[in-house]
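Structure first, then comments.
What follows is the structure, given as structure tokens:
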């Protein structure tokens, strides 16, 4: 089992879309995939069409008490540990628990024989839940929007990586993923070149194709379910292949 945490402390980078759609493609390709929604906004949960969640179904008991992983929800061929708005209260409670930032890593070790890959959707912060997710990872996947906010996020991102590396010296980034890229815009092209100068390894950029992404979230379906064989689905397949290669996962894509 390999654990990949999709991390960027800045919001709007494309973390949740990446976790949902890459997770679905890997599962559709035969991998046993566990998704973990660590964001109290619960976008990953909602974007998979899952509702009516209680706090004990989330990562809360793990983060606060060091409990085993709760039983996941099954949706679209994926196993999902969902999120809930009250998960935010775990931040303060974790501060009073020695070693709590390693509780998720320990809980995942106990289920290592049940999954091939775990994808963790990290909250857009540098708080305790984000640290919990980062330190549970074998590798990080870092989406970076090819906009000014992507460049603005670099100093904070570097600080976070330095902190996580001190706590887990073996932890590294498997792949940086440029997102929301419009090749027609000079600004996007310039930002992409600047990001390439700072970050390595980096995938090819994910094009900005808003309509299908937005409509699929409203439908509560991965792109591969909502719009199979669409240009956006082709983008997702290419991205999944890049992440799989970077993480050492088997993925052959759809037949």
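Numbering (our numbering), first residue to last: 16 to 270. The beta-carbon is built from N, C-alpha and C at its ideal position, and this holds for glycine as well.
Beta-bridge pairing of residue i - partner residues as DSSP gives them
| i | result |
| --- | --- |
| residue 160 | 194 |
| residue 89 | 94 |
Cβ distance (whole Å) where residue i is taken to contact residue j below 8 Å
| i | j | result |
| --- | --- | --- |
| residue 99 | residue 135 | About 16 Å separates the two Cβ atoms, so there is no contact after all. |
| residue 194 | residue 160 | 5 Å |
| residue 226 | residue 139 | No, residue 226 and residue 139 are not in contact; Cβ-Cβ is about 24 Å, not under 8 Å. |
| residue 250 | residue 224 | 7 Å |
| residue 202 | residue 220 | About 13 Å; that fails the 8 Å criterion. |
| residue 266 | residue 44 | 5 Å |
| residue 101 | residue 85 | The Cβ separation is near 14 Å, so there is no contact. |
| residue 59 | residue 74 | Between residue 74 and residue 59 the Cβ distance is about 12 Å, and since that is not below 8 Å, they are no contact. |
| residue 93 | residue 42 | 5 Å |
DSSP-derived helix/strand/coil call for residue i
| i | result |
| --- | --- |
| residue 128 | coil |
| residue 49 | strand |
| residue 76 | helix |
| residue 34 | helix |
| residue 221 | coil |
| residue 189 | strand |
| residue 61 | helix |
| residue 108 | helix |
| residue 267 | coil |
| residue 99 | coil |
| residue 113 | coil |
| residue 236 | coil |
| residue 212 | helix |
| residue 54 | coil |
| residue 181 | helix |
| residue 204 | helix |
| residue 42 | helix |
| residue 122 | helix |
| residue 226 | helix |
Range covered by the beta strand (DSSP E) that runs through residue i
| i | result |
| --- | --- |
| residue 17 | 17-21 |
Delimiting residues of the alpha helix (DSSP H) encompassing residue i
| i | result |
| --- | --- |
| residue 68 | Residue 68 -> no alpha helix (DSSP H), and no H or E assigned at all. |
| residue 256 | 246-262 |
| residue 28 | Run containing residue 28: none; DSSP gives neither H nor E here. |
| residue 84 | Note, residue 84: premise wrong, no alpha helix (DSSP H); not H, not E. |
Could you name each continuous beta strand (DSSP E) segment of 3 residues or more that falls completely within the region 134-179, going from the start of the chain to the end?
Secondary structure in the region 134-179: the beta strand (DSSP E) runs of 3 residues or longer, each lying completely within the stretch, are 154-160 in chain order.
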